[in-house]
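Protein chains in written order, with the working numbering: chain A, 9 to 349; chain B, 9 to 349.
Reviewing the structure listed below.
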DNA sequence: GTCATAATTCGAAACGCTTTGGCTTGGTGG
DNA sequence: CCACCAAGCCAAAGCGTTTCGAATTATGAC
């Protein structure tokens with residue numbers, strides 16, 4: 009069932025039917041009611057492709073996911089972000105299209121997305137310092153919103169980010185307040201912007217309290233269980249092990265916990281651990297009481313908001329660059345305690 | 009730059025240009041070379057929407073993700089599956105469109121996907137026993153492939169699945185061989201088809217060796233860390249705790265590990281644990297030696313193959329229903345050992 | 001040289017919708 | 001009674017492709 013057929017059954021012109029359905033004012037209320045009713049009865053849905061061709065908008069948003077040897081973006085955080093963004097898209101009648109491509113093809117993929125008219129805008133994931141995609145997308149002319157920030161980017165751009173620096177600063181201060189002086193940082197890969205900021209927050213807090221950051225107590229790795237384990241283990245095996253750890257993700261935190269337990273250390277008593285908790289749906293930080301003390305910020309909510317920002321940008325392309333900085337909560341759980349003498 | 013413009017600069021008709029680019033034989037080799045060259049120089053890409061309108065195919069595949077109170081499908085397994093499928097799509101020039109919708113809207117979403125012509129086919133995730141989507145999609149007439157199976161479905165359908173029954177049977181046998189008799193099962197939600205099959209494999213193996221399955225040693229929950237913890241803890245707190253556990257996922261396995269460690273039990277010595285390992289990219293089962301003994305099967309590979317099957321189905325709609333049953337490997341890790349007397 | 005045949009190329013319709021501009025109709029004010 | 005206006009509707013021109021059928025030109029056989 010298409011427009012023309014529907015119009016014929018109603019004995020109206022396609023123009024009028026289109027307008028009636030589209031909510032345009034110049035159609036008689038009674039006529040509109042007839043049309044709407046018939047459309048429902050015949051289960052009519054306008055063909056998306058045709059609309060897109062006629063209007064020039066694609067009513068779709070793109071997410072390109074580079075697959076790389078180095079840093080795997082298809083991670084749990086990504087999944088929850090997508091779920092959040094997807095909710096917003098569905099409600100707004102937008103499609104979400106995902107391109108999984110080798111990272112060497114990333115630029116080409118964005119160009120194609122534009123030149124083929126596949127999407128009206130894109131979300132940029134996992135920005136690095138001085139991320140080249142910002143210049144690229146600006147150049148191509150696709151509306152985009154960045155999830156995170158890219159230190160050193162010269163051009164203005166829209167972003168939504170957690171205040172990573174502040175979060176890790178507070179976490180560090182919290183540990184310092186508990187008497188900890190040797191604190192390890194198990195960070196994500198530090199070419200990622202968020203990891204840089206976290207590290208800054210960490211060292212800033214230490215320095216502010218007169219503790220000299222010890223480079224050997226800072227690890228920077230992919231945030232997997234095993235790398236968290238490895239990093240924690242390496243630190244704990246030293247002659248002067250840290251008494252506390254700050255870990256950049258729940259998953260590496262679980263690895264760190266395993267390392268501690270391997271050494272017979274009990275979390276919260278023998279060693280303190282703070283993680284960053286993205287509130288992933290299947291990795292809750294405990295049911296009632298949080299198992300880890302954590303800096304908490306829902307990545308799913310970030311996804312929702314990022315999508316809103318993008319849709320808004322698409323609707324009003326000339327709006328001034330919008331930024332949103334989400335503050336992480338500090339949640340006190342069972343994994344921290346005063347320094348063990 | 010569009011077809012018409014390109015044709016004009018070449019002093020050819022759009023027809024010929026289209027054919028030259030489309031690889032049709034009836035165009036002079038020399039002309040084709042000119043066209044191809046010009047297309048590259050002008051950075052021409054045919055507009056996807058227009059192609060779709062003209063051909064009737066959308067060159068896109070849909071994944072609909074219901075968000076439900078009960079069972080969250082946006083889970084880590086899903087992310088890796090998507091990544092695998094996405095690779096295949098990109099290579100084949102297909103787009104992947106994802107719809108995140110409230111589960112109450114699922115049927116409507118599929119109908120729209122069809123009537124709006126958004127996709128050429130869909131992948132069905134997380135089938136339950138007697139999954140209603142199979143009848144629905146057959147009725148709607150969208151080509152689809154199911155990741156998993158739906159026991160009790162009356163209609164024929166394409167699927168790719170891990171041999172869950174066999175995998176859990178082998179895991180159980182392995183534990184029995186190690187002398188374990190009281191074995192707990194921490195399964196996923198048992199309205200999910202895969203969970204039913206796993207349970208069957210488990211009980212079949214027990215019965216075959218003359219061990220009567222104990223219903224109180226079987227838990228069925230969402231596969232999160234905390235539910236794994238809770239289930240394991242409940243079993244271990246009994247007066248007659250199991251000496252071994254089989255756990256349906258890495259994540260709940262980690263929860264189970266935590267429960268064991270809380271009780272001072274060391275994995276592989278005091279208690280044996282086997283998990284199912286989907287080979288998630290950020291949750292590797294150890295770096296070199298597997299930490300958990302596991303039944304292993306890459307969900308990413310399943311995604312790749314599912315996508316291939318679907319594209320094949322789209323290309324040749326009348327091909328006979330294809331099924332693929334992937335066998336899981338049994339990987340011996342450090343979490344199992346002979347029964348502790 | 002002629003004519004059938006093959007090799008190329010082209011014109012135009014079609015895909016399903018939106019949108020511009022125009023046409024009727026009936027009502028209003030002078 | 002007429003000019004004018006608003007409301008309501010429609011015809012047709014796109015949007016950027018593909019593709020059918022026809023037209024043109026080149027090729028070869030006779």
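The C-beta atom is built at its ideal place from N, Cα and C for all residues, glycine as well.
Of all the options B:316, B:198 and B:287, which has the alpha carbon lying nearest to the alpha carbon of residue 331 of chain B?
B:316
Just reading off the alpha helix (DSSP H) that residue 143 of chain B is part of, what are its end residues?
140–148
Would you report the Cα separation of residue 175 of chain B and residue 292 of chain B, rounded to the nearest angstrom?
19 Å
Three-state class that DSSP yields for residue 68 of chain B in the structure shown
It is a strand residue.
Residue range of the beta strand (DSSP E) that includes residue 304 of chain A
301–304
Whole-angstrom distance between residue 172 of chain A and residue 327 of chain A, CA atom to CA atom:
Answer to the nearest angstrom: the Cα atoms are 26 Å apart.
If the cut is a Cβ gap below 8 Å, which residues of chain A does residue 294 of chain B touch?
234
Let me know the secondary structure DSSP gives residue 213 of chain B once reduced to three states.
When DSSP states are grouped into helix, strand and coil, residue 213 of chain B belongs to the helix group.
So that I know if they touch, is there some Cβ in chain B lying closer than 8 Å to that of residue 94 of chain A?
yes
Below 8 Å CB to CB, which residues in the same chain sit around residue 183 of chain B once its five sequence neighbours on both sides are set aside?
191, 252, 254, 280, 282 and 344
In the structure shown, what three-state DSSP assignment does residue 111 of chain B receive?
If DSSP states are grouped into helix, strand and coil, residue 111 of chain B belongs with the helices.
I need the boundaries of the alpha helix (DSSP H) containing residue 236 of chain A, first residue and last residue.
233–244
Tell me the DSSP bridge mates of residue 275 of chain A?
A:279
Which residues in chain B sit within 9 Å of residue 313 of chain A, going by Cβ to Cβ distance?
Residues of chain B passing the Cβ test: none, with the nearest at roughly 15 Å.
Continuous alpha helix (DSSP H) assignments of at least 4 residues falling wholly in the stretch 288–333 of chain A:
307–323
Is residue 159 of chain B helix, strand or coil by DSSP?
coil
Neighbourhood of residue 311 of chain B by C-beta, 6 Å cutoff - its chain only, sequence neighbours within 5 removed
89, 92 and 93
DSSP three-state label for residue 258 of chain A, please.
helix
Run through chain B and tell me which residues come within less than 7 Å of residue 53 of chain A, C-beta to C-beta.
120, 123 and 124
If you draw a straight line from the alpha carbon of residue 169 of chain B to that of residue 318 of chain B, how long is it in whole angstroms?
14 Å
Beta-carbon of residue 342 of chain A versus every beta-carbon of chain B: anything under 8 Å?
Output row for residue 342 of chain A: interface = no.
Determine contact between the stretch 101–111 of chain A and the stretch 26–45 of chain B, defined as no fewer than three beta-carbon pairs at a distance below 8 Å.
no
What would DSSP say about residue 337 of chain A, mapped onto helix, strand or coil?
Here DSSP, grouped into helix, strand and coil, assigns residue 337 of chain A to strand.
Should residue 201 of chain A be labelled buried (16 or more other beta-carbon atoms within 10 Å of its own) or exposed?
buried
For residue 189 of chain A, does the three-state DSSP call read helix, strand or coil?
coil
Which of helix, strand or coil DSSP assigns to residue 172 of chain A:
helix
In the DSSP assignment, what residue or residues form a beta bridge with residue 87 of chain B?
According to DSSP, which records beta bridges pairwise, residue 87 of chain B is partnered with nothing at all.
Whole-Å CB distance - residue 9 of chain B paired with residue 50 of chain B, under 8 Å assumed:
The Cβ separation is near 5 Å, so the contact holds.
So if DSSP puts residue 98 of chain A in a beta bridge, which residue, or which two residues, is it bridged to?
DSSP output for residue 98 of chain A lists no bridge partner at all.
Note down, in chain order, each residue of its chain lying with its Cβ closer than 6 Å to the Cβ of residue 306 of chain B, except the 5 sequence neighbours on either side.
287
One or two residues paired with residue 105 of chain A in a DSSP bridge:
Paired residue(s): A:70 and B:105.
So the candidates are A:181, A:222, A:146 and A:267; which of them puts its Cα closest to the Cα of residue 302 of chain A?
A:181
Going along chain B, which residues have a C-beta under 8 Å from residue 271 of chain A?
Here the premise fails: no neighbours, minimum Cβ distance about 12 Å.
Status (buried if at least 16 other CB within 10 Å, exposed otherwise) for residue 297 of chain B
exposed
Pull up the CB-CB distance for residue 356 of chain A and residue 46 of chain A, whole angstroms please, since I reckon it's below 8 Å.
This structure leaves residue 356 of chain A out entirely; chain A is present only between 9 and 349.
By Cβ distance, which residues of its chain are closer than 7 Å to residue 240 of chain A, with the 5 residues on each side in sequence left out?
194, 253, 263, 264, 267 and 268
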